[in-house]
Amino acid sequence: MEKTYQPNAIERKHYDHWENQQYFQPTGQGAPYSIMIPPPNVTGTLHMGHAFQQTIMDALTRYHRMMGHDTLWQPGTDHAGIATQMVVERLLGAEGKTRHDLGRETFIDRVWEWKGQSGGTISQQMRRLGDSVDWTRERFTMDEGLSEAVREVFVRLYDEELLYRGKRLVNWDPKFHTAISDIEVENKEEQGSLWHFRYPLADGAKTADGKDYLVVATTRPETMLGDSAVAVHPEDERYTSLIGQFVDLPLVGRRIPIIADDYVDMDFGTGCVKITPAHDFNDYEVGKRHNALLINIFDKSAAVLAQAEAFSYAGQPLDDFDGSLPDGYGGLDRFDARKKIVADFDALGLLESIKDHTLMVPRGDRSHDIIEPWLTDQWYVASTKMAQPAIDAVKDGQIEFVPKMYENEYYHWMNNIQDWCISRQLWWGHQIPAWYDNDGNVYVARDEAEVRSKYSLADDVELTRDEDVLDTWFSSALWTFSTLGWPHDMETVMRFHPTDVLVTGFDIIFFWVARMIMMTMHFIKDDDGKPMIPFKKIYMTGLIRDENGQKMSKSKGNVIDPIDLIDGIDIDELVKKRTSGMMQPQLAAKIEKNTRKSFPEGFAESGTDALRFTLTSLASLSRDINFDVKRLEGYRNFCNKLWNAARLVQMNTFESIEDSDELGAPLDCGQHGGDVEYSLADRWIRSRLQTLIADVHKHYQQYRFDLMSQTLYSFIWDEYCSWYLELSKPVFWNEHSTEAQLRGTRQTVVHVLDQLLRLIHPIMPFITEEIWQSLKPVSGATGDSIMIAEFPKVDEAQTDPTAEADLEWVKEVITGVRNIRGEMNIAPGKPIPVLLANGDETDERRFRENESFLKQLAKLESLTWMNSGDPVPASSQALVGHLKVLVPMAGLIDVAAEKARINKDVEKTNKELARIEGKLTNEKFVSNAPDAVVQKEKEKADAMKTKLADLQSQIDQLNQL
RNA sequence: AGGACUAUAGCUCAGUUGGUUAGAGCGCUGCCUUGACAUGGCAGAGGUCAGCAGUUCAAAUCUGCUUAGUCCUACCA
Numbered sequence: 001m002e003k004t005y006q007p008n009a010i011e012r013k014h015y016d017h018w019e020n021q022q023y024f025q026p027t028g029q030g031a032p033y034s035i036m037i038p039p040p041n042v043t044g045t046l047h048m049g050h051a052f053q054q055t056i057m058d059a060l061t062r063y064h065r066m067m068g069h070d071t072l073w074q075p076g077t078d079h080a081g082i083a084t085q086m087v088v089e090r091l092l093g094a095e096g097k098t099r100h101d102l103g104r105e106t107f108i109d110r111v112w113e114w115k116g117q118s119g120g121t122i123s124q125q126m127r128r129l130g131d132s133v134d135w136t137r138e139r140f141t142m143d144e145g146l147s148e149a150v151r152e153v154f155v156r157l158y159d160e161e162l163l164y165r166g167k168r169l170v171n172w173d174p175k176f177h178t179a180i181s182d183i184e185v186e187n188k189e190e191q192g193s194l195w196h197f198r199y200p201l202a203d204g205a206k207t208a209d210g211k212d213y214l215v216v217a218t219t220r221p222e223t224m225l226g227d228s229a230v231a232v233h234p235e236d237e238r239y240t241s242l243i244g245q246f247v248d249l250p251l252v253g254r255r256i257p258i259i260a261d262d263y264v265d266m267d268f269g270t271g272c273v274k275i276t277p278a279h280d281f282n283d284y285e286v287g288k289r290h291n292a293l294l295i296n297i298f299d300k301s302a303a304v305l306a307q308a309e310a311f312s313y314a315g316q317p318l319d320d321f322d323g324s325l326p327d328g329y330g331g332l333d334r335f336d337a338r339k340k341i342v343a344d345f346d347a348l349g350l351l352e353s354i355k356d357h358t359l360m361v362p363r364g365d366r367s368h369d370i371i372e373p374w375l376t377d378q379w380y381v382a383s384t385k386m387a388q389p390a391i392d393a394v395k396d397g398q399i400e401f402v403p404k405m406y407e408n409e410y411y412h413w414m415n416n417i418q419d420w421c422i423s424r425q426l427w428w429g430h431q432i433p434a435w436y437d438n439d440g441n442v443y444v445a446r447d448e449a450e451v452r453s454k455y456s457l458a459d460d461v462e463l464t465r466d467e468d469v470l471d472t473w474f475s476s477a478l479w480t481f482s483t484l485g486w487p488h489d490m491e492t493v494m495r496f497h498p499t500d501v502l503v504t505g506f507d508i509i510f511f512w513v514a515r516m517i518m519m520t521m522h523f524i525k526d527d528d529g530k531p532m533i534p535f536k537k538i539y540m541t542g543l544i545r546d547e548n549g550q551k552m553s554k555s556k557g558n559v560i561d562p563i564d565l566i567d568g569i570d571i572d573e574l575v576k577k578r579t580s581g582m583m584q585p586q587l588a589a590k591i592e593k594n595t596r597k598s599f600p601e602g603f604a605e606s607g608t609d610a611l612r613f614t615l616t617s618l619a620s621l622s623r624d625i626n627f628d629v630k631r632l633e634g635y636r637n638f639c640n641k642l643w644n645a646a647r648l649v650q651m652n653t654f655e656s657i658e659d660s661d662e663l664g665a666p667l668d669c670g671q672h673g674g675d676v677e678y679s680l681a682d683r684w685i686r687s688r689l690q691t692l693i694a695d696v697h698k699h700y701q702q703y704r705f706d707l708m709s710q711t712l713y714s715f716i717w718d719e720y721c722s723w724y725l726e727l728s729k730p731v732f733w734n735e736h737s738t739e740a741q742l743r744g745t746r747q748t749v750v751h752v753l754d755q756l757l758r759l760i761h762p763i764m765p766f767i768t769e770e771i772w773q774s775l776k777p778v779s780g781a782t783g784d785s786i787m788i789a790e791f792p793k794v795d796e797a798q799t800d801p802t803a804e805a806d807l808e809w810v811k812e813v814i815t816g817v818r819n820i821r822g823e824m825n826i827a828p829g830k831p832i833p834v835l836l837a838n839g840d841e842t843d844e845r846r847f848r849e850n851e852s853f854l855k856q857l858a859k860l861e862s863l864t865w866m867n868s869g870d871p872v873p874a875s876s877q878a879l880v881g882h883l884k885v886l887v888p889m890a891g892l893i894d895v896a897a898e899k900a901r902i903n904k905d906v907e908k909t910n911k912e913l914a915r916i917e918g919k920l921t922n923e924k925f926v927s928n929a930p931d932a933v934v935q936k937e938k939e940k941a942d943a944m945k946t947k948l949a950d951l952q953s954q955i956d957q958l959n960q961l
């Protein structure tokens, strides 16, 4: 093996091998365990959040596979309607074309072409990440099978009246010319103005204080063209006399009623509200109650119409409505119209005032354009009717959120759920299976032929298919069962349903998680006809942010491609990557500056395993995770540590060949039987290993990957490498070691490493495979790959509390000597004599049994046991309980320095003792606290008192010099 | 406006049901190229656990308030 760990040299070959051997596929043996991947956008690339979640999913998958489960990790991608169409339209834009120039069919061909081009990126990235997904089952939401599931669900929901079409106000994106659902709207606070307009009263009416006009306030003056009422509060005395009267809408000349409605807040502004039912969700409700006209004034781009149009609340056009609008507005963009309206009011002397005002502005999460409430025909899922079982499933514990706090968020949304607008005016997506005849009647079925037979339509009835497509999330909502072959392959569906855990971000609870629960429970039933849940647990990961806590986004230029961390990237390349293909090229300079400042050297190559370990270590239950490249470096070093530990193990378990790095024949590690004798260190590490194994299992159960990685890290580094491997050297190097002793330690060194590799394999698949393979001749492991090897289980027979206590003592003695060396500036390599004094029988036994360990690890010239009464020279000392570990000062140690060192210890101990005695003299503590706690404090106090006495006698002795 | 979450070492974060001398990684200081590893070893410095009050024998941990930040929902037109 190389002296340092070189990730790129080992990663790819193992992945190819695993995939070729079909290890990623379910075996058909054992209890099923399944995870559905949250499908990434097929035309996108994976970012740190994906890498993070996929690492967790892969760790879970590999863990369960090694535990003998029939494990399926289902991969796939999503067609991402708007996002993908947007990208392709931009590509067309570069050629100076629009999608309309191409026509629907050609355009969709172009999208497929683009998908083919970019679609491979994600699977390449996933392979580099080591994801053990079953590639033979890979699915795409626009595949024929999944499309069929979509049609099936649509038709069934429609027939059950859980899906309907209606003319309603929707969130309209004037940039993409499509409706979007309410959760695709982001409300952000922005600075705006509040305009106060005078609306003259009709028929000579007057207000209570004698004015001939009402004052209304608005943040959107342009909508006044669609006003159909002015509302006041029914109990507002200023206006009661005017209720039922009219105002003359300025500019338009429309005569509109003054209505009374509770919705109005008397204390805000003037207490008069203009009502524009076709352009505001609240006004729609008010208007509906009072049957005020629904007057639409905008076209699909939110430019003013030449003629306004009016509708009934049932959606019928009102033909006798006079839609005249003032000259000069037709075709004007909404914001130009706003300026003109204000100017015109001003000119008429009807502009009362303009005030600064902060308001919440709705913007599309894709287009970032301001969303317009707009009256259109759309398809809806009656979510309100489907929500209850989904709420109950969480309430009664069938589905559990990890962490628990997200359940409240889920309930809150589900309890206030709105019907889901699922139609999108896009070309890329699942076209809605609905047909219309020339009279506008709607027919829903799987295809046109079925429409005709289902609705008994003659062949000559002309039918046209609905042009719209479905929201991407509609197909994603079916993901857990559509990917398994529903509605045909019910055997597979039932085998892996419900899936075990969904790993995803909290930001898509509503978009995806909640809808999956509703759809799955509606369509998938168990043998008793009881609704089945899609997954038992929902593990919500935090959001990966950059090192400053900023959300990673292309426009901020702070995204990190996980592959760049794996392979490394130089700074120029990184800057180029971050500043190319930007929506706002003017930000390039700033991004370049920040990038160069944050990563002057770019990223070093760290390898997949180090990245995965880092991500795992960040997987605490917190909401936000700031990714710091420094952490990655630390874990890359950890990989190197593991690598070199393996080298040491190999050097001691294989014959060495002179002048060569190649390994010779395997040595006798007990893999073929023979007597073994375990050293204290052997018994200790075997015992400690059992605790580690138990902890790892526990952390998997509790989804505490951060604790798990920390536990593994500190065991491997601080126990296995720093202590155990050092303690194995005295055995290997001692020419008097017996065959049984050598065999025992060789076997332990290999066995523990083998177990560690298995324990950590789900997180670091590549390095563990590489090392595991190299150890096979000495570990006795069979099987082709570590990924299908058995995961370690606790072996109670190996726990050995005596060995743990004895070795703890050994460590303390060694640390004591090192301590003196360190603080007295004695060179680490210089052999020194050490005396052990004031010890009891246990100390003496431990000393006798471990003399060679102690001498070797503390680099001692001699180690002498002092009986009581033996004369002890002036020494620097460390205490291990009562036992004094003494380094004679002669020629080595400065008296003043030693005194200072002891005084520091005295001070610290005194302080602590005072605290404990304070507790113990407190009557209430002694009488109220549990006996065990009081006892513990007493023991601590006693120990400190003797320690202080020892330290004092040491000072006395030094003073006599 | 309502709700949720967060505040622990210079930085990024752990800290289970109240009882630890409050931990880790990175960074920092000193010494070390010892026969796995300088991507290393040994030793060390560094914290009033955001603030205030309370409950308790005992609070980083439980409760209330305050401050700062993040997010969600709803909005007053």
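The numbering of the first sequence is UniProt numbering, which starts it at 1 and goes up by one.
By construction, the Cβ of each residue, glycine as well, lies at the ideal position given by its N, Cα and C atoms.
Straight through space, the alpha carbons of Asp70 and Arg848 are spaced by roughly 52 Å. Per the DSSP secondary-structure output, Glu309 pairs in a beta bridge with Asn296.
Residue environment for His279: buried (at least 16 other C-beta atoms within 10 angstroms of its C-beta). For Gly192, there is no enclosing alpha helix (DSSP H); the enclosing beta strand (DSSP E) has its first and last residue at Val185 to Pro200. Cys639: member of the alpha helix (DSSP H) spanning Val629 to Thr653, first to last residue. In the three-state reduction of the DSSP assignment, Glu450 falls in the helix class, which pools H, G and I.
Listed in chain order, the beta strand (DSSP E) runs fully inside the region 485 to 523 are 499 to 505, counting runs of at least 3 residues. Under the DSSP definition of a beta bridge, Cys421 partners with Tyr380. DSSP, reduced to helix, strand and coil, places Leu565 within a helical segment of the structure shown. Collapsing the DSSP output to three states places Asn171 in a strand. If you draw a 10 Å sphere on the C-beta of Asn41, you find 16 or more other C-beta atoms in it, and that means buried.
When C-alpha distances from Glu19 are compared across Lys556, Glu796 and Gly130, the shortest belongs to Gly130.
Note that the C-beta distance between Arg683 and Ala803 is below 8 Å.
Runs of the alpha helix (DSSP H) lying entirely within the region 755 to 807, each at least 4 residues long, are 765 to 779 in chain order. Membership of Tyr443 in the beta strand (DSSP E) is indicated by the continuous run Val442 to Val444. Around the beta carbon of Pro831, a 10 Å sphere encloses fewer than 16 other beta carbons of the protein chains shown; the residue is thus reported as exposed.
Residue pairing by DSSP places Ile10 opposite no residue, since no beta bridge is assigned to it. Leaving aside the five residues that flank Glu400 on each side, the residues in its chain whose CB is nearer than 6 Å to its CB run, in chain order, Lys537. Beyond the five residues adjoining it in sequence on each side, Gln53 comes within less than 8 Å, by CB distance, of Pro38, Val503, Thr504, Gly505 and Thr541 in the same chain, given in chain order. Using a Cβ distance threshold of 8 Å, Ala781 and Asp754 count as a contacting pair. By the beta-carbon neighbour count (other beta carbons within 10 angstroms, threshold 16), Leu91 is exposed. For Met360, the enclosing beta strand (DSSP E) begins and ends at Leu351 to Gly364. Beta-bridge partners assigned by DSSP to Lys274: Val230. The C-beta distance from Pro326 to Val252 rounds to 6 Å, short enough to meet the 8 Å contact threshold. Ranked by how close their Cα comes to the Cα of Val872, the residues Leu879, Ser862 and Lys884 have Lys884 in first place. Taking 8 Å as the cut-off, the Cβ atoms of Leu470 and Asp507 do not count as close. Minimum Cα-Cα distance from Gly634 among the listed residues Thr207, Val513 and Leu615 corresponds to Leu615. In this model, Gly549 and Ile786 are separated by some 37 Å (Cα to Cα). Counting the other CB atoms within 10 Å of its CB gives Ser353 a total below 16, which places it among the exposed residues. Each of Ser181, Tyr406, Asp159 and Leu46 was checked against the Cα of Arg363, and the nearest Cα belongs to Ser181. Pairwise C-beta distances place the region 654 to 672 out of contact with the region 703 to 715, as fewer than three of them are shorter than 8 Å. Per DSSP, the unbroken alpha helix (DSSP H) holding Asn928 starts and ends at Glu923 to Asn928. Distance between Val442 and Ser147, taken at the CA atoms: about 21 Å. DSSP lists no bridge partner for Phe24.
Residue environment: Arg845 is assigned as exposed (fewer than 16 neighbouring CB atoms within 10 Å of its CB, all protein chains considered). Setting aside the 5 residues that flank it on each side, Glu462 is surrounded in the same chain by Asp437 and Asn438, each with a C-beta closer than 7 Å to its C-beta; the list follows chain order.
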